[in-house]
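Residue numbers (the working numbering): 616 to 815.
Here it is as structure tokens:
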């Protein structure tokens, strides 16, 4: 009996989109290894500068790869947009949008482990009330009491010109947007946390 955890990393040989926005383009260089990226994405009438998807699948195998069971999947949807300003009510609308996507995109069953919706807003500055709202933000929903997994909504706001970033607790990808800091892998990152939960 064997077990396998597979991260569907972006194909390094595939064409990585290029953004006219220099900041976003540099961030994409940090993301493309793990995320499938799209530019100028529109979802249900909402426009985003960048969309990324990370998929992780796990299965247990008996004797041969074709004989498997306990299959589970987890994924993260990353949405990034630029804004002239950001207010708490803007973020509240984004959270509502995340719940709407969860209702439409998640197929809740025994194989669904978890889905994460992470929204990042790039703004000229981060007001104090926005900073506090994002820092304290947490939103996780169990599906059928957890039998069909869960979904989580994360937020991050970044002001590159001021080299400031605020992210909710589990918005691990937010670190990729802090270009003024080296990107150091952490054991508590999204991929590590998901792998840890998958392991028996």
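Don't be surprised by glycine CBs; every beta carbon is placed ideally from N, CA and C. Given the structure is predicted, the values throughout are model-derived calculations rather than measurements.
In DSSP terms, what residue 752 is bridged to: Its beta-bridge partners do not exist; DSSP assigns none.
Rounded to whole angstroms, how far is the Cβ of residue 735 from the Cβ of residue 789, which I believe are closer than 8 Å? 7 Å
What is the rounded straight-line gap between the Cα of residue 745 and the Cα of residue 703? 5 Å
DSSP-derived helix/strand/coil call for residue 662: strand
Short check: CB of residue 771 to CB of residue 792, under 8 Å? yes
Rounded straight-line distance, which links the Cα of residue 756 to that of residue 762: 12 Å
At the level of alpha carbons, what is the spacing between residue 655 and residue 724? 31 Å
Same chain, Cβ closer than 6 Å to residue 653, neighbours up to 5 away in sequence not counted: 666
Do residue 671 and residue 713 have their C-beta atoms within less than 8 Å of each other? no
Cα-Cα separation between residue 690 and residue 637, rounded to whole angstroms: 27 Å
How about residue 738 and residue 698: are their beta carbons less than 8 Å apart? yes
Look at the alpha carbon of residue 753 and the alpha carbon of residue 766, and state the distance between them as a whole number of angstroms. 11 Å
Quick one: what does DSSP say residue 620 is sitting in, helix, strand or coil? Residue placement at residue 620 is poorly supported in this model, since its pLDDT is 36, which falls under 50; the coordinates still yield a value, given next. Three-state result, residue 620: strand.
Proximal residues to residue 717 (C-beta, below 6 Å), its chain only, five neighbours per side dropped: 766
On the CB-based measure, 16 or more other CB atoms within 10 Å of its CB, does residue 659 come out buried or exposed? exposed
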